[in-house]
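J.:
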Amino acid sequence: MRIENLRQFSICSVIGTVGLMPLLVLPAMIGGTRAEVRPELRLMIRNEGSGQQMLLVFRDLGGENFLDPERLKELSFLRYAQGVVLMADPLAYEPPDGTELPWRCNGRVPAAKILETYRRVLEEHDRYPEQEDLPLLPSQKALAVAVTKADLVLPDGHPFWSDEPSQAHLEPGYWSRRRRDEDREVRAWVRRNLDRTLASAPGFDDVAFFFVSSYGYRHEPQTHLTGPPRPRRVHEPIFGLIDCLSSSTKGEGDEGF
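Just so we're aligned, residue 22 is where the sequence shown starts under this note's numbering, counting upward by one.
#1: Sort L143, R213, R141, A109 by Cα distance to A132 and report the nearest one.
#2: I'd like to check one pair, L262 with A163: are the Cβ atoms closer than 8 Å?
#3: In angstroms with no decimal places, state the Cα-to-Cα distance between L96 and D89.
#4: As a quick exercise: from N127, E203, W124, pick the residue whose alpha carbon is nearest that of A167.
#5: Tell me whether the beta-carbon of F231 lies closer than 8 Å to the beta-carbon of V207.
#6: So, with DSSP's three-state summary, where would you put L157?
#7: If the criterion is Cβ atoms closer than 8 Å, does the pair F87 and E61 meet it?
#8: What does the Cβ neighbour count give for C265, buried or exposed, with the cut at 16 atoms within 10 Å?
#9: Beta-carbon within less than 7 Å of R148's beta-carbon, same chain only, minus the 5 sequence neighbours each way: which residues are those?
#10: Once you ignore the five residues that flank V211 on each side, which residues in its own chain have a CB closer than 8 Å to its CB?
#11: State the start and end residues of the unbroken beta strand (DSSP E) segment that holds L77.
#12: Would you list, in sequence order, the uninterrupted alpha helix (DSSP H) runs of no fewer than 4 residues that lie entirely inside the region 168-219?
#13: Identify every residue that forms a DSSP beta bridge with F87.
#14: Sort V174, E115, D216 by Cα distance to E137 and report the nearest one.
#15: Specify, as a first and last residue, the run of the beta strand (DSSP E) that V228 falls within.
#16: Smallest Cα separation from S235: which of P223, P252, L246?
#17: Report the rounded CA-to-CA distance for E91 versus S160, giving the unit in angstroms.
#18: Pull up the CB-CB distance for P111 and K170, whole angstroms please, since I reckon it's below 8 Å.
#19: Exposed or buried, what is S197 when buried is set at 16 or more other beta-carbons lying within 10 Å of its beta-carbon?
#20: Beta-carbon within less than 7 Å of P180's beta-carbon, same chain only, minus the 5 sequence neighbours each way: which residues are those?
#21: Relative to the C-alpha of R213, which residue among G70, P117, L246, G128 is closest?
#22: Cα separation between F98 and P223?
#23: Evaluate D177 with the Cβ neighbour count: other Cβ atoms within 10 Å of its Cβ, from every protein chain shown; 16 or more gives buried, anything less gives exposed.
#24: Between which two residues does the alpha helix (DSSP H) carrying G261 extend?
#25: Distance check for P193 and E241, CA to CA, integer angstroms please.
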């Protein structure tokens with residue numbers, strides 16, 4: 022896919038075109054922000070082969086927005102999105118017993134609570150007959166769970182750190198292949214070390230899990246870095262959802278869990 026243009030859209034324009042293009046919403050759920058004051062970036066991309074268009078929305082949302090159902094209802098773009106990336110901070114959970122990694126709970130909102138509130142708001146929101154073709158329920162949305170801070174919680178020998186270059190995210194069918202293979206390992210890690218509820222993502226049928234690292238190398242928290250950040254595999258959840266929502270690949274090899 023090639024980026025066609027860069028625009029700023031109002032919520033009204035998104036709702037007005039929701040029947041024409043899938044929406045891919047990527048909220049970065051970071052503490053200390055308020056939904057109504059943070060900027061957002063919107064990218065329109067176009068598949069040169071099929072002509073299909075897709076709108077990507079990047080917005081910095083505080084986890085506290087997902088604890089208040091009334092505030093969450095105001096975020097219309099999250100309701101109408103066909104796909105969402107959930108940033109799951111492992112340091113919001115207590116470290117596993119016996120870990121030797123620099124893992125300290127930061128007291129932020131756990132991803133399982135965020136996802137549960139989101140699911141409940143989607144299911145309880147009023148729906149009307151003219152909206153029957155819109156992806157308003159969690160079971161109608163694709164969900165990419167990106168487990169962040171891999172540089173702090175994964176040991177050196179983990180496959181995440183393999184230096185072998187991979188272009189798998191550029192190949193059609195990437196989402197389905199991940200759900201059959203690597204996704205299962207990430208999901209099992211989440212189940213063992215974080216939260217069984219998060220690992221099962223109740224209510225969401227089309228889910229894939231990813232490890233990502235914004236720093237890209239091992240470092241001690243709250244210390245000076247030894248070099249510039251080298252983000253590692255942060256693009257994979259985005260490309261995964263683009264592949265999932267593309268008409269040419271959606272449903273291919275979709276086995277579910």
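Beta carbons are placed, not taken as given, at the ideal position from N, Cα and C, and that holds for glycine.
No experiment lies behind these values; they were computed from the predicted model shown.
T.: On the basis of the data shown:
#1: A109
#2: yes
#3: 11 Å
#4: E203
#5: yes
#6: coil
#7: no
#8: buried
#9: L157
#10: A109, V166, V168, L219, A220, F230
#11: 74-82
#12: 171-174, 195-201, 203-214
#13: Partner(s): none; F87 has no beta bridge.
#14: D216
#15: 227-232
#16: P252
#17: 21 Å
#18: 6 Å
#19: buried
#20: none
#21: P117
#22: 21 Å
#23: exposed
#24: 257-266
#25: 38 Å
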